[in-house]
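**Student:** Counting in our numbering, the sequence shown runs from 18 upward without gaps.
Please read through the structure below; I'll follow up with questions.
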Amino acid sequence: MTGIEDRLRDALAAKADTVRDDGTPRVLPGPAARWSGARWWAPAAVAAAIVVVVAATVVATRAVAPPVPAVRPTPSPGGFAPPIGQVWPGAVHEIPTTAPGGRAFKPDVFVSDRVVVGRGLTRNVPDSIYAYHVDDRRFTRIVPIARGMYMDNNPVVFGDGYLAWSAIRDRSMEIWAVPVGGGVPRRLASVTAPISSDNEIFGAQDLAVADGMAVWSAADGGVYRVRLRSKGGEWTQVLGTKGFHLVQWPWAGWPRNEWGMDHPVVRPMEHLKNVVTGETRDATPPPGRTSWDDCGVTWCLNSVEAWRRDGTGRRAFPGWARGTLSSGRFVMLDQRDAAGRGAAAVHDIATGRTGLLFTTPTRKGDKPSPTLHWQDGMIWYQTGRGTQVVVDLARAAR
């Protein structure tokens with residue numbers, strides 16, 4: 018059986034579990050919207066109650082537009098979730114969209130419960146890294162970005178008191194780091210960047226800071242690391258990681274759901290390896306499932322439910338899941354109420370809690386919803402009032 022057939026079979030089985038055929042024809046919505054960004058993708062093959070199957074592909078950089086379902090899901094139990102600020106009040110903040118000097122501020126990572134770090138952009142080009150203090154409502158510039166350095170679409174990351182980022186320069190991929198309190202940034206590594214057939218240069222994938230190192234994956238596979246105090250050029254590839262991609266240090270996995278593939282990988286991250294100890298873990302689907310949309314260290318999921326990597330702990334979503342896991346346990350949901358109105362929500366698989374972000378258009382004339390940026394550790398979207406809402410998923414997980 019082909020991968021597509023596996024996905025369609027699972028989609029039909031999943032829908033049969035959640036929908037009772039009452040004989041009423043279902044209406045397909047308009048085309049699914051693209052999710053903004055680049056570099057990762059998550060395919061979804063789903064089925065309507067009257068044997069209508071639609072396959073949808075969405076694209077993002079861990080930055081996504083509001084979810085639009087490939088088919089109309091059944092109403093979420095109890096209607097919409099409560100507002101996210103009520104569910105995780107300490108994790109939700111409204112901050113400015115503009116940094117000093119009129120720069121656009123693009124949030125990247127929380128370095129504490131009250132401080133978010135991001136990039137200041139002039140004409141859409143990052144030229145500085147700033148910290149925003151949510152209590153004092155003030156910006157502090159941490160470091161300017163050197164001229165000639167193109168920061169790729171991957172966010173700035175934080176760990177062990179350091180900020181790190183990847184950049185492209187002279188057809189090389191570079192890893193840079195600076196103490197979170199400021200200082201002189203240091204180039205830790207410069208690696209020949211993979212180049213696609215259409216001459217696109219690939220930066221680092223899944224960059225993280227852990228155990229005193231910057232760690233990342235190459236676009237074509239392999240896990241690399243370099244000491245934060247390296248003088249440059251001392252990076253190494255971790256032995257035995259060819260073809261693997263970082264999931265959550267020290268775990269790496271394959272196969273990867275690659276952006277732009279002709280056919281979706283039906284069992285992404287099926288195989289995990291601890292690159293420090295050598296321990297391996299393979300995913301086991303629950304009875305009746307043969308594929309999934311994403312799989313992390315602990316949880317796997319499709320569009321309607323999640324389960325533990327060993328196939329246990331199966332649990333249904335209060336809505337329709339879109340995209341991939343964030344922070345290993347959060348997923349974005351499309352919800353519908355009994356009147357057919359739509360909303361975007363965040364669901365924590367580990368606790369079962371769900372928070373509503375905003376309503377989404379379901380009828381002609383509905384107001385467009387904002388673009389939702391979805392990345393590890395954080396989600397954010399602009400409100401249209403000169404502010405943006407940022408959600409600290411690490412705080413929500415506590």
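Backbone N, C-alpha and C define an ideal beta-carbon position, used for all residues, glycine too.
Can you grab the Cα-Cα spacing for the pair Leu205 / Ala356, in whole Å?
**Tutor:** Distance between the alpha carbons of Leu205 and Ala356 is about 55 Å.
**Student:** Would you list the residues sitting across from Thr377 in a DSSP beta bridge?
**Tutor:** Paired residues: Gly359.
**Student:** With a threshold of 8 Å on Cβ separation, who are the neighbours of Asp177 within its own chain once the five nearest residues in sequence on each side are excluded?
**Tutor:** Within the same chain, Asp177 has close Cβ partners Val226, Ala227, Asp228, Gly229 and Leu245.
**Student:** Can you say whether Asp327 is buried or exposed, counting buried as having 16 or more other CB atoms within 10 angstroms of its CB?
**Tutor:** So Asp327 ends up on the exposed side.
**Student:** Would you mind working out which of Ile112, Asp409 and Gln392 sits nearest Asn170, comparing C-alpha positions?
**Tutor:** The shortest Cα separation from Asn170 among Ile112, Asp409 and Gln392 belongs to Gln392.
**Student:** If you draw a straight line from the alpha carbon of Pro335 to that of Gln352, how long is it in whole angstroms?
**Tutor:** Whole-angstrom Cα-Cα distance: 7 Å.
**Student:** How is the beta strand (DSSP E) around Gly270 delimited, first residue to last?
**Tutor:** From DSSP, the beta strand (DSSP E) with Gly270 extends over Trp268 to Trp271.
**Student:** In whole angstroms, give me the CA-to-CA distance for Leu350 and Phe97.
**Tutor:** In a straight line, the C-alpha of Leu350 is about 11 Å away from that of Phe97.
**Student:** So, helix, strand or coil for Gly176, using DSSP?
**Tutor:** Strand.
**Student:** For chain D, is any of its Cβ atoms less than 7 Å away from the one on Leu410?
**Tutor:** Chain labels in this structure do not include chain D; a single protein chain is all it has.
**Student:** What is the rounded straight-line gap between the Cα of Pro172 and the Cα of Thr379?
**Tutor:** If you take the alpha carbons of Pro172 and Thr379, they lie about 31 Å apart.
**Student:** Once the 5 residues before and after Arg412 are set aside, which same chain residues still bring their CB inside 6 Å of it?
**Tutor:** Here the set comprises Gly107, Ala108 and Asp130.
**Student:** Note down, in chain order, each residue of its chain lying with its Cβ closer than 6 Å to the Cβ of Thr301, except the 5 sequence neighbours on either side.
**Tutor:** Asp327 and Gly328.
**Student:** Which of the three DSSP states, helix, strand or coil, is assigned to Ala300?
**Tutor:** Three-state result, Ala300: coil.
**Student:** Can you check which of these residues, Pro304, Gly118, Gly359 and Gly372, is closest to Lys384 by C-alpha distance?
**Tutor:** Residue Gly359 is the option with its Cα nearest to Lys384.
**Student:** Going by C-alpha to C-alpha distance, which of Leu389, Thr368, Arg370 and Ala367 sits closest to Thr377?
**Tutor:** Checking every option, the nearest Cα to that of Thr377 belongs to Leu389.
**Student:** So, helix, strand or coil for Val70, using DSSP?
**Tutor:** A caution first: Val70 carries a pLDDT of 25, below 50, which makes its placement in the model unreliable, though a value can still be read off. Strand, per DSSP.
**Student:** According to DSSP, is Gly328 helix, strand or coil?
**Tutor:** The answer is coil: DSSP assigns Gly328 none of H, G, I, E or B.
**Student:** Would you report the Cα separation of Gln399 and Gly295, rounded to the nearest angstrom?
**Tutor:** Those two C-alpha atoms are separated by around 42 Å.
**Student:** Excluding sequence positions up to five away, which residues of its chain have a Cβ less than 6 Å from the Cβ of Thr157?
**Tutor:** Contacts found: Ala148.
**Student:** Return the first residue and the last residue of the alpha helix (DSSP H) that Gly220 is part of.
**Tutor:** Premise fails: Gly220 is in no alpha helix (DSSP H) and is neither H nor E.
**Student:** Taking a contact to mean a Cβ-Cβ separation below 7 Å, would you say Phe347 touches Ala361 in this structure?
**Tutor:** Taking 7 Å as the Cβ cut-off, Phe347 and Ala361 do not qualify as a contacting pair.
**Student:** Going by beta-carbon coordinates alone, are Leu138 and Ala121 separated by less than 7 Å?
**Tutor:** Result yes, Cβ atoms of Leu138 and Ala121 sit closer than 7 Å.
**Student:** Please classify Glu251 as buried or exposed, where buried requires at least 16 neighbouring CB atoms within 10 angstroms.
**Tutor:** Looking at its Cβ environment, which holds fewer than 16 other Cβ atoms inside 10 Å, Glu251 is exposed.
**Student:** Let me know the alpha helix (DSSP H) ranges lying completely inside the segment 97-150, each 4 residues or longer, listed in chain order.
**Tutor:** List check, alpha helix (DSSP H) in window: 101-104.
**Student:** Going by the DSSP bridge assignment, what does Val201 pair with across the sheet?
**Tutor:** Note: Val201 sits in no beta bridge, so no partner.
**Student:** Between the alpha carbons of Leu256 and Tyr241, how many angstroms are there, rounded?
**Tutor:** Straight-line Cα distance between these residues: approximately 9 Å.
**Student:** Are the CB atoms of Met286 and Gly260 within a distance shorter than 7 Å?
**Tutor:** Not a contact, by the Cβ cut-off of 7 Å.
**Student:** Look up Leu410 in the DSSP assignment and say whether it is helix, strand or coil.
**Tutor:** DSSP places Leu410 in helix when its eight states are reduced to three.
**Student:** Between the Cα of Thr258 and the Cα atoms of Arg136, Trp233, Thr115 and Val282, which residue gives the shortest distance?
**Tutor:** It is Trp233.
**Student:** For Trp309, which three-state DSSP category applies?
**Tutor:** Of the three classes helix, strand and coil, the one that applies to Trp309 here is coil, per DSSP.
**Student:** Quick one: residues in its chain with C-beta nearer than 6 Å to the C-beta of Pro117, no 5 flanking neighbours on either side, listed in chain order?
**Tutor:** Phe156.
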